[in-house]
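What follows is a single structure, written as structure tokens, with notes after it.
Residue numbers (UniProt numbering): 1 to 190.
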């Protein structure tokens with residue numbers, strides 16, 4: 001096996017793993033009826049002239065299944081945190097008692113659950129397309145290596161590496177399908 005083709009397969013697998021991580025991250029942003037602190041990950045709050053992530057200015061917790069609590073270290077930021085949450089349009093209205101902000105998750109309707117499943121399916125599909133694009137790029141690069149004038153790879157090695165890349169692709173597409181099935185069950189289970 002040539003060093004170039006071996007390196008290419010390793011890079012291909014690394015990219016596919018990053019795609020899996022990205023799909024997992026996007027799935028955490030999709031609500032499943034239970035409070036999850038990661039639901040607030042995208043919210044940034046204005047703090048002394050700069051925008052900072054919400055989790056860097058206070059403690060975010062989920063003490064109950066449908067409740068998120070934000071306990072800011074600097075209580076003077078409560079109004080800015082409320083404003084940021086409302087601006088993020090996450091479907092929750094903040095309630096504060098002067099010390100902490102509570103976010104109560106509304107009950108998911110059957111229609112809303114279907115929308116979330118559809119959104120998760122779309123994210124899974126995007127992940128599978130990304131994995132397939134990585135495969136395509138790797139195979140194209142292998143074909144260039146075969147035609148390389150200075151250090152070509154053999155046709156047998158090309159076929160072997162293409163098979164290896166296809167095996168990786170199948171493995172990661174299957175993993176995305178499993179992640180989706182798990183997320184779908186999480187969303188539809190009441």
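Note that the Cβ used here is the ideal one computed from N, Cα and C, for glycine as well. Model, not experiment: these values are computed from the prediction.
Near residue i, what residues of its chain come up, given a Cβ to Cβ distance below 8 Å and the 5 sequence neighbours on each side ignored?
| i | result |
| --- | --- |
| residue 67 | 35, 102, 103, 104, 105 |
Where does residue i land, buried or exposed, given buried means 16+ other C-beta within 10 angstroms?
| i | result |
| --- | --- |
| residue 19 | buried |
| residue 134 | buried |
| residue 167 | exposed |
| residue 38 | exposed |
| residue 123 | buried |
| residue 181 | exposed |
| residue 130 | buried |
| residue 86 | exposed |
| residue 183 | buried |
| residue 163 | exposed |
| residue 169 | buried |
Could you check whether residue j and residue i sit closer than 7 Å to each other, using their CB atoms as the reference points?
| i | j | result |
| --- | --- | --- |
| residue 45 | residue 84 | yes |
| residue 142 | residue 161 | yes |
| residue 176 | residue 12 | no |
| residue 187 | residue 112 | no |
| residue 110 | residue 30 | no |
| residue 116 | residue 16 | no |
| residue 54 | residue 138 | no |
| residue 57 | residue 40 | no |
Measuring alpha carbon to alpha carbon, tell me which residue in the options is nearest residue i.
| i | options | result |
| --- | --- | --- |
| residue 72 | 94, 59, 148, 157 | 59 |
| residue 75 | 109, 62, 96, 53 | 96 |
| residue 89 | 65, 181, 42, 125 | 42 |
| residue 92 | 107, 100, 80 | 107 |
| residue 61 | 70, 53, 54 | 70 |
By the DSSP assignment, the alpha helix (DSSP H) with residue i in it spans what residues?
| i | result |
| --- | --- |
| residue 156 | 155-188 |
| residue 124 | 110-147 |
| residue 6 | 3-28 |
| residue 85 | 78-88 |
Please return the same chain residues whose Cβ sits closer than 7 Å to the Cβ of residue i, not counting the five positions on each side in sequence.
| i | result |
| --- | --- |
| residue 50 | none |
| residue 191 | No answer is possible for residue 191: the residues shown for the chain start at 1 and end at 190. |
| residue 26 | 123 |
Shorter than 7 Å from the beta carbon of residue i to some beta carbon of chain B?
| i | result |
| --- | --- |
| residue 26 | The chain inventory of the structure shown lacks chain B, comprising one protein chain alone. |
Residue i lies in the beta strand (DSSP E); which residues open and close that run?
| i | result |
| --- | --- |
| residue 71 | 67-72 |
| residue 103 | 101-104 |
| residue 44 | 44-47 |
| residue 61 | 58-64 |
| residue 95 | 94-96 |
| residue 53 | 50-53 |
Which same chain residues end up closer than 6 Å to residue i when comparing Cβ atoms and leaving out the 5 residues on each side of it in sequence?
| i | result |
| --- | --- |
| residue 4 | 145 |
| residue 127 | 19, 23, 176 |
| residue 47 | 57 |
| residue 82 | 94 |
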